[in-house]
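As given, the protein sequences belong to chains A and B, one line each in that order.
The first sequence runs 17 to 264 under the working numbering.
The second sequence runs -5 to 528 under the working numbering.
I have placed the structure first, in the form of structure tokens, so that the comments after it can refer back to it.
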Amino acid sequence: MNIIGVYSIKGGVGKTATTVNLAYLAAEAGHRTLVWDLDPQGAASYFFRIKPRVKGGGRGLLRGKRSPDDAIKGTDFEGLDLLPADFSYRNMDILLEGAKKKPGEQLRRLLKPFVKEYDLVLFDCPPSISLMSENIFRAADALLVPLIPSTLSARTLAQLLDFLKTEDGFGALRVLPFFSMVDAERALHTETIERLSAEHPEILPAVIPLAPEVERMGLHRMPLPAYAPSNAAAGAYRALWDELATAL
Amino acid sequence: MNLLAMDYLLPGAAGAAQDTDAAAAAIRAHLRCEPEPPVRLRRRFFDSFEWSLYRAGAALEEVVTDQHRELLWQDLSNYGAILARQATAAEPGLIDDLPPGPVQERVAPLLGVRRLLPMAVLSGSRQTLRVLNDDDKTVARIWLEEMRVEADGGRSSVPLPARLRLAGVRGYTHETETAAHRLKTVLGLEPAHAPLYLEAFAAAGRRPGGYSSKLDYRLDPAQPAEAATRTILLDLLSTLEANIDGTRRNLDPEFLHDLRVATRRTRSALSQIKGVLPQAVVDDFKARFAWLQQVTGPVRDLDVYLLDFPQLKAELPPSLRDDLDPLRDWLAAHYDAEQQALARALEGERFKTLLRDWRAFLEAPERNGATDAQTPIKAVADKRIRRMVKRVREEGRAITDASPPEDLHELRKSCKKLRYLMEFFQSLYPADDIKGLIKQTKVLLDNLGRFQDLAVQAEHLRETAAAMQREGAAPLDTLLAMGALVSRMLEGQQRARREFARIFAGFDSADNIAGFERLLAAKKRRAAPAEAGA
């Protein structure tokens, strides 16, 4: 089982669209895939038409009163399941803090029973750097980090890499940044891509465009490649999936 | 991901086109559903020639539509529940032909080096209805399928009763149960009692797992010897015939192997069950089956080489291993020509006449041409086994450290005859007793086989080296590596030779021989219950 966190300190960079589309493509390629919607806003759950509600909430899961098994829902696509968001996840840091042992390793513990059941787990992560993030870093094999090509994004990437370097135990975690919401018409975007790609060879070559069709995912409430398979942005997600699959 | 799935049969005659359309309309009138465009569908069930997957209680199904092609791994003990699925783009064959994934992982340990063969092919159409909740979320799927088992060889295609499958979506059990209830009340559906897999084979008049090369006769001790012998020979003929097509098309090396084993057993039965069939017939067919054994030999030799190649390579020091690759290339290059020659022989008139004549003879009315034709088979079996045990002991005891290899070869032949006799007549003796004796005989046979096979292989390798050199296909390093291999083989052969005395002593031990005595005296013990029952 591979675990990928789709993660960024910043919000609004295309995390959820990435999670949902990659999960769809992974399942289509035959990987038994689980999306865990960790963002209390529940956007990934919404895209899959699944109610963002987990009986017992985050507390029930962490205290072992409810098994994630009971909360998992099948999506409209075979081989693709979702562990929905819950509004209580907004207090996740407090709940994690209350764990008696290893508060940084709770997500990993909760996923253990699913090792044989899924080939791939994708976290749709809330934007922050917190105890919840630490849990994600400890559970994941790799972080997929969307970058909008701007100076600020470059700074947050540097912050993340610094954090992972200085904290103990994240040495094995792979960071796979890629450019997201790219406007090819804007010189700033193309210049930044060129510069950052040179500075960070680990940045994946696939580039996700800023496209109206991606924004329309909220209207269709399904993954982009499911309703517009030949759209250019769907093609870009396909390229990203291929690169991720190779990297794994 | 083991989802709740329920199969139902639609009422009505098999193959009636209106079945599924009428059913779909009735369902939509009672359940909130979204239909998807109907798709053409092909299902193929794969297994190895020896049904390794079926024997493990599993089925491997490939489902192909215009949009996708996937492999399903099913649990036959649980109504064909799908335990794993994986997309594929490749034609299933050897395990390496399958892309890595959850299905491939499950197939690999069961399949080993065997090839996946399509055992049944179904084609037809599927209508899908997605059952929706208020958010238009799919909470269950209904598939309506009309399938036919495709024509195969002489059999014409067979329509199957239309099926409805209700497949749950994880986390929506309640919705699935509601849908199941509605379907039952509205359509009056009957649950399908067998998974599609079993239904398809039953409709085609075939039996999964139907092939086994194991000998398993239920002979009656009092049966006249000729009738019992015909039973044995007819069964061997069926096994032989079952392997012809696979051998001709070279689907898997095991087809040829089993064909050769059936041939060898036939020849052994002909020569060892003496005085039962007319001698002129025996002599004629012995010669003709010897021809078959001979024309099938070269491909089998190459098969063994190619299958063993990785192991042969591993026996050399790492630095020499790659030098052996030209040998594999050379063998592979000659393989096609040999295989074609074999296919020609199997398609030729000589082989067809042999099969036809042999079956005609075996199925013809008995003719009592031989002295022991009417003797009870048990008496013939006792006599033959006793005599062969005696011969094996005499030949074995005569072997000393100075004996030539030919003597061991002769002993091996006698030993093989003994083994086949015991296997043919197994059912005439108490199972526990004869099994132990067969096992002990196999231990001796293994030792003699190793000795002989390694000698033959070393000789064959020498000849191959000479042929490769003549054709300019052998670099010096390859010849040296082959030389090293020959030396390993001859060492192995010497080891087998050194172990012979100890292993033969095991066969010739007082215990084992007493076992044979008890076995052949067991007549009364077996006859008693039969008399009591009469």
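Glycine residues also receive a C-beta, built at the ideal position from the N, C-alpha and C atoms.
Sequence-distant residues of its chain with Cβ nearer than 8 Å to residue i (five each side left out)
| i | result |
| --- | --- |
| residue 255 (chain A) | 221, 222 |
| residue 437 (chain B) | 497, 500, 501 |
| residue 455 (chain B) | 476, 479, 480, 483 |
| residue 528 (chain B) | The pLDDT assigned to residue 528 (chain B) is 31, lower than 50, so where the model puts this residue is not dependable, and the model offers no usable value. |
| residue 49 (chain A) | 39, 42, 43, 95, 96, 97, 134, 135, 136, 137, 138 |
| residue 22 (chain B) | 29, 123 |
Test: residue i CB closer than 9 Å to a CB of chain B
| i | result |
| --- | --- |
| residue 152 (chain A) | no |
| residue 262 (chain A) | no |
| residue 101 (chain A) | no |
| residue 135 (chain A) | yes |
| residue 92 (chain A) | yes |
| residue 258 (chain A) | no |
| residue 45 (chain A) | yes |
| residue 65 (chain A) | yes |
| residue 232 (chain A) | no |
| residue 82 (chain A) | no |
Residue range of the alpha helix (DSSP H) that includes residue i
| i | result |
| --- | --- |
| residue 401 (chain B) | 399 to 418 |
| residue 229 (chain A) | 228 to 231 |
| residue 96 (chain B) | 96 to 105 |
| residue 44 (chain A) | 31 to 44 |
| residue 365 (chain B) | From DSSP, residue 365 (chain B) is part of no alpha helix (DSSP H); its letter is neither H nor E. |
| residue 110 (chain A) | 108 to 113 |
| residue 376 (chain B) | 371 to 391 |
| residue 223 (chain B) | 219 to 236 |
| residue 256 (chain A) | 248 to 263 |
Cutoff 9 Å: residue i Cβ touching any chain A Cβ
| i | result |
| --- | --- |
| residue 203 (chain B) | no |
| residue 187 (chain B) | no |
| residue 346 (chain B) | no |
| residue 62 (chain B) | yes |
| residue 124 (chain B) | yes |
| residue 292 (chain B) | no |
| residue 59 (chain B) | no |
| residue 472 (chain B) | no |
| residue 93 (chain B) | yes |
| residue 82 (chain B) | yes |
Interface partners of residue i on chain A, CB under 7 Å
| i | result |
| --- | --- |
| residue 529 (chain B) | An answer regarding residue 529 (chain B) cannot be provided, because it is not within the stretch -5 to 528 covered by chain B. |
Delimiting residues of the beta strand (DSSP E) encompassing residue i
| i | result |
| --- | --- |
| residue 115 (chain B) | 111 to 126 |
| residue 70 (chain A) | Element bounds for residue 70 (chain A): n/a, residue is neither H nor E. |
| residue 29 (chain B) | 27 to 41 |
| residue 49 (chain A) | 49 to 53 |
| residue 20 (chain A) | 18 to 22 |
| residue 224 (chain A) | 223 to 225 |
| residue 69 (chain B) | 63 to 69 |
Partner residues on chain B for residue i, Cβ-Cβ distance less than 7 Å
| i | result |
| --- | --- |
| residue 88 (chain A) | 164, 165 |
Beta-carbon neighbours of residue i, restricted to chain A and to distances below 9 Å
| i | result |
| --- | --- |
| residue 129 (chain B) | 65, 66, 67, 237 |
Neighbourhood of residue i by C-beta, 6 Å cutoff - its chain only, sequence neighbours within 5 removed
| i | result |
| --- | --- |
| residue 29 (chain B) | 123 |
| residue 385 (chain B) | 408 |
| residue 304 (chain B) | none |
| residue 76 (chain B) | 66, 68 |
| residue 36 (chain B) | 58, 117 |
| residue 217 (chain B) | 371 |
Chain E within 9 Å of residue i, Cβ atoms only
| i | result |
| --- | --- |
| residue 475 (chain B) | In the structure shown, chain E cannot be found, because the protein chains are A and B. |
Neighbourhood of residue i by C-beta distance below 7 Å, restricted to the same chain and skipping five residues each side
| i | result |
| --- | --- |
| residue 332 (chain B) | 292, 293, 296 |
| residue 106 (chain A) | 56 |
| residue 227 (chain B) | 260, 263, 356 |
**Message:** Which runs of the alpha helix (DSSP H) at least 4 residues long sit entirely within the region 117 to 203 of chain A? Give them in chain order.
**Reply:** 122 to 127, 147 to 155, 167 to 182
**Message:** My parser needs the beta strand (DSSP E) runs of 3 or more residues fully inside the region 74 to 104 of chain A; what are they?
**Reply:** 96 to 99
**Asked** Along the chain, which unbroken stretches of the alpha helix (DSSP H) at least 4 residues long are found entirely within the region 436 to 503 of chain B?
**Response** 470 to 501
**Request:** Report the residue ranges of all alpha helix (DSSP H) runs contained in full by the region 299 to 353 of chain B; include only those spanning at least 4 residues, in chain order.
**Result:** 312 to 315, 319 to 341
**Request:** Run through the region 157 to 213 of chain B for me and flag every whole alpha helix (DSSP H) of 4 or more residues, listed as ranges in chain order.
**Result:** 167 to 181, 190 to 197
**Message:** Restricting to runs no shorter than 4 residues, where is the alpha helix (DSSP H) found entirely within the region 239 to 292 of chain B?
**Reply:** 247 to 266, 273 to 289
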